[in-house]
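Below is one structure, written out as structure tokens, with a few remarks after it.
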Amino acid sequence: CGHCVSRAPQLRCMFKCPQAALALDQQAILGMIPMPGKPCFEEKQVTDFELLMQLGTQTAYWRMLVGTVYAALALATLLPLAFSLMLGAAKGAGIAKSLIPYSRVPTVISTAAAVFTFPFVFMITIIVQNVVGTWLTLVGIILLLIAFLASMKPGTLKAETTAEMLKRQKFLGKVGAGAGLVALVIFVVVFVVSDLASAMFDLLKEQDLTLSTDDLKALGSQTTWAVVNTVCGVLGKSMISTVFFSDAVVSLMYRFHKGEDNDPFSIQCARTKLVDDLNSLFPGQQDCKAVAPADEPRSAAVSPTELADQHKAMVLAKIKNVATVGSVSTRLQALELLQGRVQVRSAARQLGDESAQVASAVRKQLP
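The sequence shown begins at 704 in my numbering and counts up by one.
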């Protein structure tokens, strides 16, 4: 070979002489060899080498690859955290739902958690299915998605009784556990019968990377520990988020229902009228039925007349309490109201005019 400068017989080719190869490559790239001699490699190899050198000198590609690596690391770190928060939100909503099963607020939160988490899980499963998926893994992925949605305990906007809530949660728990178990069995069977494991070992053998028995044991223990660490981390973070979401949902539920009860009578009537105006948009909706305090679903929704009667009774109860305390004028006014000289609706208006005195008196009487 005309390029080789070594006299040793075993270094007669530039591929075997690193010093000469490096010097000649640098000169060829810089154009310092006007009349190169006949090389000892083919033209196709030279073309591939030039393409490789062009790729190596383009920093934009390497920056993109480095950014991709960091993006994958960030996804692997933040995705389990997002799952933990969503699982905690669903669990916290379920705990709050057990306190007041008639409330629709926890159902809204748990359903929102399921809806917002499902796209992330669906995206990951689609990527896995497109890379190494078969029709059997597709069935397992569908069952896995069903198990995930069932674990979030979504529901309809229905004021459930305690028995209905427990029945629904028990059913969803059985569905989630069954679908998850079947999906796990399918994935294990696919991994055992597929050529993926054998292809990985063949690739290692081609690269002269042989694993001894000790190496296999160490790799198995490391993999097991990584899986256990990930699962425990997700469950631990979800339990911590469950505490915060339970407190937040209970507080939100209390403020929502208590705020509606404490709204002025005129606002409640106006709100009821506006809600009734929306009935034409949702005909035949069964989720808006009310539930009686005796844990029995009512046959019809509460009408505006019934709502007004309930608030009249509430105002009368407050008047009775005010009649025993407060200033002389307030007590006389309450006694007059009790004797029927003024209607209940105007009574509510008059009580609202003297909100400071009445509120103070009612606060002392009501628990």
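Glycine residues also receive a C-beta, built at the ideal position from the N, C-alpha and C atoms.
Treat the numbers as computed from the prediction; the structure is a model and nothing was measured.
Per DSSP, the unbroken alpha helix (DSSP H) holding F959 starts and ends at T916 to N965. For R974, the uninterrupted alpha helix (DSSP H) segment begins and ends at F968 to D980. Using a 10 angstroms sphere on the CB of I844, the tally of other CB atoms reaches 16 or more, which defines it as buried.
The straight-line gap separating the alpha-carbon atoms of V769 and T828 is approximately 25 Å. When secondary structure is reduced to three states using DSSP, L984 falls in the coil class, being assigned neither helix nor strand. In the DSSP assignment, T762 falls within the alpha helix (DSSP H) that extends over T762 to L802.
For A862, there is no enclosing alpha helix (DSSP H), as DSSP gives it neither H nor E.
S897 carries a coil assignment under DSSP once its states are collapsed to helix, strand and coil. One Cα belongs to V896, the other to W928, and the distance between them is close to 25 Å.
Using a C-beta cut-off of 8 Å, the stretch 845-861 makes contact with the stretch 875-889, since at least three inter-stretch Cβ pairs fall below that distance.
Each residue's CA atom was taken as its position, placing A796 and L839 some 35 Å apart. DSSP places G843 in the uninterrupted alpha helix (DSSP H) bounded by W838 to S854. Distance between S924 and D917, taken at the CA atoms: about 11 Å. Of all alpha-carbon atoms in G791, L919 and F874, the one lying nearest the alpha-carbon of V946 is that of G791. Taking a contact to require three or more Cβ pairs closer than 8 Å, the stretch 804-814 and the stretch 953-970 qualify as touching. Straight across, the Cα-Cα distance linking N833 with L841 is about 10 Å. Distance from the CA atom of T837 to the CA atom of D950, rounded to whole angstroms, is 44 Å. Between K940 and L784, the C-beta spacing is below 8 Å.
Less than 8 Å divides the Cβ of K856 from the Cβ of S813. Excluding sequence positions up to five before and after A817, its CB lies within less than 6 Å of the CB of L852, M855 and P857, all in the same chain and listed in chain order.
Setting aside the 5 residues that flank it on each side, L788 is surrounded in the same chain by S944, each with a C-beta closer than 6 Å to its C-beta; the list follows chain order. About 6 Å separates the Cβ atoms of V937 and F786, confirming a contact at the 8 Å cut-off. For P857, there is no enclosing alpha helix (DSSP H), since its DSSP letter is neither H nor E. Taking all protein chains shown into account, K800 has 16 or more neighbouring C-beta atoms within 10 Å of its C-beta and is therefore buried. At least 8 Å separates the beta-carbon of P967 from that of M868. According to the DSSP assignment, S813 belongs to the alpha helix (DSSP H) that extends over V808 to V835. Straight through space, the alpha carbons of A921 and D905 are spaced by roughly 20 Å.
With fewer than 16 neighbouring CB atoms inside 10 Å of its own CB, F874 falls in the exposed class.
Within the same chain, no residue comes within 8 Å of E909 by CB-CB distance, once the 5 residues on both sides are set aside.
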